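Asks: The structure under discussion is supplied below as structure tokens; questions concerning it will follow.
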Amino acid sequence: MAERYSSFQSGSATWLLQRVTAAFLVVTLAFHFLMLHFLNEASQITFAGTQFRMAQVGYFVTMGLFLVTAAFHGVNGVYNALINQGLEGTQKTAVKWVLIVAGVALVAQGLYVALVMGGYI
Amino acid sequence: MSQSYNRGLIEDFGRWREFTAGMWAWIFHKFTGWVLIGYLFTHIAVLSTALSGSEAYTTTIQSLEQIPVVRVLEVGLLAVAVFHILNGIRLLFIDLGVGLESQDKSFYAALIVTAIIVVASVPTFLAGAF
Amino acid sequence: MSTQIPESETESQPETDSESEAQQRRLAEKAARKERAATEASADTTAGPTVELRVFRYDPDVAEKQEPRFDTFNVPFEKGMTVLDALIYARDHFDSTLTFRHSCRQAVCGSDALFINGRQRLGCQTQISDLHGDVVRVEPLPHREVEKDLVVDMEHFYEQMEAVEPYFQSDEIPEGEQLQSRENHEKIKTSTRCIWCAACMSSCNIAAGDNQYLGPAAINKAYRFYMDEREEEAVQRHRLKVLDQEHGVWRCQTQFSCTNVCPKDIPLTEHIQELKREAVKQNLKFW
Numbered sequence: 000m001a002e003r004y005s006s007f008q009s010g011s012a013t014w015l016l017q018r019v020t021a022a023f024l025v026v027t028l029a030f031h032f033l034m035l036h037f038l039n040e041a042s043q044i045t046f047a048g049t050q051f052r053m054a055q056v057g058y059f060v061t062m063g064l065f066l067v068t069a070a071f072h073g074v075n076g077v078y079n080a081l082i083n084q085g086l087e088g089t090q091k092t093a094v095k096w097v098l099i100v101a102g103v104a105l106v107a108q109g110l111y112v113a114l115v116m117g118g119y120i
Numbered sequence: 000m001s002q003s004y005n006r007g008l009i010e011d012f013g014r015w016r017e018f019t020a021g022m023w024a025w026i027f028h029k030f031t032g033w034v035l036i037g038y039l040f041t042h043i044a045v046l047s048t049a050l051s052g053s054e055a056y057t058t059t060i061q062s063l064e065q066i067p068v069v070r071v072l073e074v075g076l077l078a079v080a081v082f083h084i085l086n087g088i089r090l091l092f093i094d095l096g097v098g099l100e101s102q103d104k105s106f107y108a109a110l111i112v113t114a115i116i117v118v119a120s121v122p123t124f125l126a127g128a129f
Numbered sequence: 000m001s002t003q004i005p006e007s008e009t010e011s012q013p014e015t016d017s018e019s020e021a022q023q024r025r026l027a028e029k030a031a032r033k034e035r036a037a038t039e040a041s042a043d044t045t046a047g048p049t050v051e052l053r054v055f056r057y058d059p060d061v062a063e064k065q066e067p068r069f070d071t072f073n074v075p076f077e078k079g080m081t082v083l084d085a086l087i088y089a090r091d092h093f094d095s096t097l098t099f100r101h102s103c104r105q106a107v108c109g110s111d112a113l114f115i116n117g118r119q120r121l122g123c124q125t126q127i128s129d130l131h132g133d134v135v136r137v138e139p140l141p142h143r144e145v146e147k148d149l150v151v152d153m154e155h156f157y158e159q160m161e162a163v164e165p166y167f168q169s170d171e172i173p174e175g176e177q178l179q180s181r182e183n184h185e186k187i188k189t190s191t192r193c194i195w196c197a198a199c200m201s202s203c204n205i206a207a208g209d210n211q212y213l214g215p216a217a218i219n220k221a222y223r224f225y226m227d228e229r230e231e232e233a234v235q236r237h238r239l240k241v242l243d244q245e246h247g248v249w250r251c252q253t254q255f256s257c258t259n260v261c262p263k264d265i266p267l268t269e270h271i272q273e274l275k276r277e278a279v280k281q282n283l284k285f286w
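Line by line, the protein sequences are chains Z, R and V.
Just so you know, numbering that gives the first Met the number 0 puts 51 at position 52 of the first sequence, and the rest follows in order with no gaps.
Just so you know, numbering that gives the first Met the number 0 puts 73 at position 74 of the second sequence, and the rest follows in order with no gaps.
Just so you know, numbering that gives the first Met the number 0 puts 158 at position 159 of the third sequence, and the rest follows in order with no gaps.
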């Protein structure tokens, strides 16, 4: 269909992605809480302990995905909440780009920290 | 045409006693959402102390964990996260078209389960805090 | 001849002149009516049960009503009385400047959607005996500009309805009848009941915040035609484009307030959700 716009014009892609990330986050956030407050004790966290966990590739990849999906879900949620409040026009575009940049920066920083924690770099 | 009168948002919040279950769900989900995204940024910032070496990281986290207020806030974070997850699951079912008739009951269920989980977790979270 | 108007409790003294006797009787009756009306309007006398109506008043053209206020009317209660009945009584007997829209009084025209005791309802559909509490609080629909008393500006609502092209569109008109199957009619039946009362729009918090949001009524209207099998696919795609926008179906946060207040029991949220799923399905096809 030549006249069909790219799917990113419609809101259905982000709507669906918000739900898909939500389902993934239900599991990973619950796991993260259990890991760090019940299986380990938050007050006993040491760099060594963290490094031990992060050095395991499976755990590292999970945390990486956790960060990316959480950042998307959160930033998209904030954006939608603001639109519901009535954000529009140039303000909206400005806020959208600030949020995108903040989200990307968050993921970049988080991934970098994770790599250092795991001793990969 | 004479001017019309806009009663504004103030009138809305004064009516909180008349809010329905669906409205409370929306309000709480939004509120918990904002708290969580705010926390995510703070969390990554705290974890970034790992870049300054293992000493900095361990010291920062352990000294934060000594402060009683921080431990109480962690319980708050748990409550916020658990509610957002449970109501989120409720919303996922609604989006799939399942259980629309009992949408208000499922909201109350989410609140109650959140309360149960939080109360049950308090001993673990506050162990050795005071 | 005494022209003094006698008290209602005392019988007028029979005069020797029959004309003035009749005159005195008429004057006495008139005085009695006047006094009855006066006592009815005040709070302390009850010839029977009354209901206390507290009504929002606003009139930019009248000095005392330029700042909104609430007026109290004590309306005599009759079995089966609706809020609309009470308002009409108050207007006819106590204050003829009380202004509100109403027409059919049988919940089909959608004129008298009001905010009664904290909820959007139709005045003619609300039995006073069904309401809790001693006072019936009547206000204009929330999130709409008030023009006078209980009358709100409906222009924005109509604009959103027009935006979804709320009429049947088809280029392929068949010879003879254009029949709709029974199953298809069953599917859209509830969505055809909309009376354009705007109760749903007024209850939606997102419609309140986001001016461009189409709103539950408009989306439901679009649903009614989108799901109608007699419209062809090209029309369906056209309709979906209107709905599949940032301020279309995606703004709905499944708050369910619209479904709760709809006086015609239309499952609005369900219809909006179905359209969201439709949009996702249609868009997935083109990846």
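Even for Gly, the Cβ is constructed at its ideal location relative to N, Cα and C.
Given the structure is predicted, the values throughout are model-derived calculations rather than measurements.
Under 8 Å, with one C-beta from each stretch per pair, do the segment 110-125 of chain V and the segment 64-79 of chain V reach the 3-pair mark?
Replies: no
Asks: Could you pull the start and end residues of the alpha helix (DSSP H) that V:ARG90 belongs to?
Replies: 82-92
Asks: Any beta-carbon of chain R closer than 9 Å to the one on V:VAL163?
Replies: V:VAL163 does not count as touching chain R.
Asks: Using DSSP's beta-bridge definition, name the partner residues of V:LYS147.
Replies: DSSP, once it has assigned bridges, lists V:VAL150 as partnering V:LYS147.
Asks: In the segment 109-121 of chain V, which residues sit with their C-beta less than 7 Å from some C-beta in chain Z, listed in chain order?
Replies: none
Asks: V:ILE271 versus chain Z: which residues are under 7 Å apart at the beta carbon?
Replies: Under the 7 Å cutoff, chain Z gives no residues; its nearest Cβ is about 12 Å from V:ILE271.
Asks: Tell me R:TYR4's beta-bridge partners as DSSP assigns them.
Replies: V:VAL145
Asks: Check for me: the alpha helix (DSSP H) holding R:VAL69 runs from which residue to which?
Replies: 67-94
Asks: Kindly indicate which residue of V:GLU182, V:ASP264, V:VAL241 has the alpha-carbon position closest to the one of V:ARG229.
Replies: V:GLU182
Asks: If the cut is a Cβ gap below 8 Å, which residues of chain R does Z:VAL112 touch?
Replies: Per Cβ cutoff of 8 Å: ILE43, LEU46, SER47, ALA49, LEU50.
Asks: With a Cβ-Cβ cutoff of 9 Å, do V:GLN272 and V:ASP243 count as a contact?
Replies: no
Asks: Exposed or buried, V:SER128, counting other C-beta atoms within 10 Å across all chains shown (16 or more means buried)?
Replies: exposed
Asks: Use the C-beta contact count for V:SER297: other C-beta atoms within 10 angstroms, 16 or more gives buried, fewer gives exposed.
Replies: This structure leaves residue 297 of chain V out entirely; chain V is present only between 0 and 286.
Asks: If Z:SER11 sits next to V:VAL279, beta carbons under 8 Å apart, how far is it from one beta carbon to the other, in whole angstroms?
Replies: 5 Å
Asks: Report the residues of the segment 31-45 of chain Z with a CB closer than 7 Å to any CB of chain V, ordered along the chain.
Replies: none
Asks: Cβ atoms of V:LEU274 and V:ALA198: under 9 Å apart, would you say?
Replies: no
Asks: Does DSSP put V:GLN119 in a helix, in a strand, or in coil?
Replies: Strand, per DSSP.
Asks: At a CB-CB cut-off below 7 Å, which residues of chain Z make contact with V:TRP195?
Replies: None at all; the shortest Cβ gap to chain Z is about 24 Å.
Asks: What is the DSSP secondary structure of V:ASP295, reduced to helix, strand or coil?
Replies: Within the shown structure, residues of chain V are numbered from 0 to 286, placing residue 295 of chain V beyond reach of any answer.
Asks: Return no unless some Cβ of chain V is closer than 9 Å to the Cβ of Z:TRP14.
Replies: yes
Asks: Fully enclosed by the segment 200-284 of chain V, which alpha helix (DSSP H) runs are 4 residues long or longer?
Replies: 204-208, 215-225, 232-242, 256-260, 267-283
Asks: Report yes if the CB atom of V:LEU213 is closer than 9 Å to the CB atom of V:GLN252, and no otherwise.
Replies: no
Asks: Do Z:LEU81 and Z:VAL106 count as a contact pair if the criterion is CB distance below 9 Å?
Replies: no
Asks: Report the option in V:VAL248, V:GLU164, V:LYS188, V:GLU231 whose CA atom is closest to the CA atom of V:ILE172.
Replies: When the alpha-carbon of V:ILE172 is set against those of V:VAL248, V:GLU164, V:LYS188, V:GLU231, the nearest one is in V:GLU231.
Asks: Just to confirm my understanding: we take V:ALA42, look at its own chain, exclude 5 residues before and 5 after, and list those with CB closer than 7 Å. What are they?
Replies: Any answer about V:ALA42 is weak, because its pLDDT of 49 lies below 50 and its placement is not dependable; what the coordinates show is given next. Taken in chain order, the residues that qualify are ASN73.
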